[in-house]
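Chains as they are written, first to last, in this note's numbering: chain A, 1 to 142; chain B, 1001 to 1235; chain C, 2001 to 2077. Ideal Cβ positions, reconstructed from N, Cα and C, are used throughout, including at glycine.
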Amino acid sequence: MLQKKVKKRAYLLATLLLVSILAIFFILQTLNKNILYFKSPTDIQNDQEIHSKKKIRVGGMVKKNSLEIKEQEIKFVITDFKNELMISYSGTVPNLFSEEKGVVAEGKLQDKSFFIADRILAKHDENYMPPELQSIMNNNDK
Amino acid sequence: MFKFFSLSNTFIWIEKLTKFISSIFFILLLVALSFALILSPPDYLQGDSVRIMYVHVPAAWIGLASFSTIALLSLANFIFKIKNIKLITKSIAPIGLMFTCLAIVTGAIWGQPTWGTWWAWDARITSMLVLSLFYIGFILANKLIAQEDKADRVSSLIAIFGFINVPIIKYSVDWWNTLHQPASIKLTGTSTIHSSMLMPLFLMFFVLLLYCALIFLMKYKTEIIRIKKKNLERL
Amino acid sequence: MIQNLISMNGYGIFVWSSFAITFLACGVVYYKTYKTLKKYESEFAKEINELSREQKASVIENSKIASQVISSYSKTI
């Protein structure tokens, strides 16, 4: 019962949509590297060339017991549980920065295992709970 | 059946609905606000800044939901050319734009104490900004193009193609490394937000939805009167 | 208690400003929409009132919307 015009419009739209979805898919695929907000330590290991002059962001978990604070300088290790990267930073850190939490560091890579950051961002995870519950969970762990 | 959906019947329904919603709105708002600001617990990590979530998340949901509605209705309008649909999409768009902007602004206010930055060009935040641009495009196309047919067609196309962005927003946190955390409330599986925080979140979402309904009904009424006025001039 | 509610352990500024911005924006949009609606209503009512008596009667009889607007408009005056 559909009118011819209606059918024509539907086909036209379907083709156009399909083409543009494909186009966007390929654009996102090629831009994939640039869309990443930060690189993981594994990405850094696999990357052949190191542009030590270019500012990059790296991110991962702050490794347990790796945080060292010496006067102005803060040193810690970030990990993605496959590879690790040593980070050195001087300045103030966000409130949520702590061991075993996500972090993103902005700065320059010195070599494949050492990174000097000039900005630290804390990455929050998706868990939300009241403090009492957290202490109960910690007690259960012990 | 068709008579039930006629403009004058809709008009009377709008009056009744508006009265009902405004009678319960302020009580619900007070309850939701007291839960969001006082009764709900602070987060174990973020402390009290978690309360920003109670406006940020509902605003983002409403922004996404209204764009999806506009896109679906525009698709129907583009193919079947139903006049009434245009009234609905035109009435939804400004609310959606406002809530999308609110989600971005409150997100920035939350990001400063939590991440340590107001703004990051990560995939989630950027795609949300793109969504607001699609909203602006949709509204401007309706406002600036004088020819009604053409305005209809252009704005519908903007909404339909803009819809491709919606799944990108949803899955951006899974596909790419982003500063924004992954989704806490999943379509399947358990949510990672404790129930004492979920309750105020859904309450606030419900209250803001009622607010949207109020604005939508007023705008829809305005559009109906506009049409009737035009008909009167033709008399 | 109240001190704590305002300061929110140092997060007060962020929490209160985001709630304030949200509700301010909602309020402004509500007011603007309400204003436009009233403007159109009064224009519509005026136009009907300017019609000749027979035309006006037929419009009000045929259109529920017109009679609704007219009655709500005359109430507000």
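How is B:Asp1122 classed by DSSP in three states: helix, strand or coil? Residue mapping note: residue 1122 of chain B aligns to position 122 of the second sequence, counting from 1. B:Asp1122 falls in the coil class under three-state DSSP.
Alpha-carbon to alpha-carbon, C:Tyr2031 and B:Phe1002: As a first step, residue 1002 of chain B is located in the second sequence; it is residue number 2 there, counting from the start. As a first step, residue 2031 of chain C is located in the third sequence; it is residue number 31 there, counting from the start. At B:Phe1002, the pLDDT of 49 sits below 50, so the modelled position is not reliable; the number obtained from the coordinates is stated separately. The alpha-carbon atoms of B:Phe1002 and C:Tyr2031 are separated by roughly 33 Å.
When you compare only the Cα positions, how much space is there between B:Leu1232 and C:Tyr2040? Position 232 of the second sequence, counted from the start, is the residue given in the question as residue 1232 of chain B. Position 40 of the third sequence, counted from the start, is the residue given in the question as residue 2040 of chain C. Cα-Cα distance, rounded: 13 Å.
Any chance the CB of B:Ser1155 is under 8 Å from a heavy atom of the ligand ZN? Questions concerning the ligand ZN fall outside what the structure shown contains, since it holds no ligand whatsoever.
Since A:Pro41 meets chain B, which of its residues come closer than 9 Å, beta carbon to beta carbon? Looking up residue 41 of chain A in the first sequence gives position 41. Going along chain B, no residue has its Cβ under 9 Å from A:Pro41, so there is no contact; the nearest lies around 12 Å.
Looking at B:Trp1176: is its Cβ nearer than 9 Å to the Cβ of B:Asp1122? On the second sequence, residue 1176 of chain B is found 176 positions in, with the first residue counted as 1. On the second sequence, residue 1122 of chain B is found 122 positions in, with the first residue counted as 1. Yes, they are a contact pair.
Closest Cβ-Cβ distance between A:Leu96 and chain B: below 9 Å? Here the question's residue 96 of chain A lines up with position 96 in the first sequence. Contacts with chain B at 9 Å (Cβ-Cβ) include A:Leu96.
Can you pull the chain B residues whose beta carbon is under 9 Å from the beta carbon of C:Ile2048, in chain order? As a working note, residue 2048 of chain C is residue 48 in the third sequence. Against chain B, the beta carbon of C:Ile2048 has neighbours under 9 Å at Leu1232, listed in chain order.
Which residues does DSSP list as the beta-bridge partners of A:Leu109? Within the first sequence, residue 109 of chain A is the residue found at index 109, counting from 1. Answer is A:Phe115, bridged to A:Leu109.
What residues match up with A:Leu121 in a beta bridge as DSSP calls it? Residue numbering aside, residue 121 of chain A sits at position 121 when the first sequence is read from its first letter. For A:Leu121, which the question treats as bridged, DSSP gives the partners A:Val104.
Does the CB of B:Tyr1220 have a neighbour CB from chain A at under 9 Å? By one-based count along the second sequence, residue 1220 of chain B stands at place 220. Not closer than 9 Å to any Cβ of chain A, the Cβ of B:Tyr1220 fails to qualify, so no.
For the beta strand (DSSP E) containing A:Gly60, name the first residue and the last one. Residue mapping note: residue 60 of chain A aligns to position 60 of the first sequence, counting from 1. Looking at the DSSP string, the run of the beta strand (DSSP E) that includes A:Gly60 is 56 to 62.
Along chain A, which residues have their Cβ under 9 Å away from the Cβ of B:Trp1115? For this step, residue 1115 of chain B is matched to residue 115 along the second sequence. Those are Pro94, Leu96, Val104, Leu121, Ala122, Lys123, His124, listed as they occur along chain A.
Taking CB distances under 9 Å as the criterion, tell me whether C:Gln2003 reaches chain B. One-based indexing of the third sequence puts residue 2003 of chain C at position 3. Judged by the 9 Å Cβ criterion, C:Gln2003 is not in contact with chain B.
Of all the residues that make up the segment 1192 to 1219 of chain B, which are near chain C by a beta-carbon distance shorter than 7 Å? Near chain C, meaning a CB-to-CB distance below 7 Å, the residues of the segment 1192 to 1219 of chain B are Tyr1211, Ile1215, Met1218, Lys1219.
Over the uninterrupted alpha helix (DSSP H) stretch that includes C:Phe2044, give me the two end residues. As a working mapping, residue 2044 of chain C is identified with position 44 in the third sequence. Residues 2012 to 2050.
If you measure beta-carbon to beta-carbon, which residues of the segment 1033 to 1064 of chain B are closer than 9 Å to chain A? Ser1040, Pro1041, Pro1042, Asp1043, Tyr1044, Leu1045, Gln1046, Gly1047, Ser1049, Val1050, Met1053
Does chain B have any CB closer than 9 Å to the CB of A:Ala10? Mapped onto the first sequence, residue 10 of chain A falls at position 10. Chain B, which has a Cβ nearer than 9 Å to the Cβ of A:Ala10, makes this yes.
Contact list for B:Thr1110 against chain C, beta-carbon separation under 8 Å: As a first step, residue 1110 of chain B is located in the second sequence; it is residue number 110 there, counting from the start. Strictly speaking, residue 1110 of chain B in this sequence is Trp, with Thr absent from that position. Correct list: Phe2014, Ser2018.
Reducing DSSP to helix, strand and coil, say where A:Phe81 ends up. In the first sequence, the residue the question calls residue 81 of chain A occupies position 81. Reduced to three states, the DSSP call for A:Phe81 is coil.
Extent of the continuous alpha helix (DSSP H) run through B:Lys1019: Numbered from 1 along the second sequence, position 19 holds the residue referred to as residue 1019 of chain B. DSSP places B:Lys1019 in the uninterrupted alpha helix (DSSP H) bounded by 1007 to 1034.
Does A:Tyr89 come out as helix, strand or coil in the three-state DSSP assignment? For the purposes of this step, residue 89 of chain A is taken as the residue at position 89 of the first sequence. Strand.
With contact counted as at least three CB pairs below 8 Å, one residue from each stretch, are the segment 128 to 137 of chain A and the segment 1036 to 1053 of chain B in contact? yes
Using beta carbons (cut-off 9 Å, strictly below), is A:Phe115 in contact with chain B? Walking along the first sequence from the start, residue 115 of chain A turns up at place 115. Answer no: the Cβ-Cβ gap between A:Phe115 and chain B never drops below 9 Å.
Looking only at DSSP bridge pairs, what is A:Glu73 linked to? Locating residue 73 of chain A in the first sequence gives position 73, where the first residue counts as 1. Looking at the DSSP output, A:Glu73 bridges to A:Lys70, A:Ser90.
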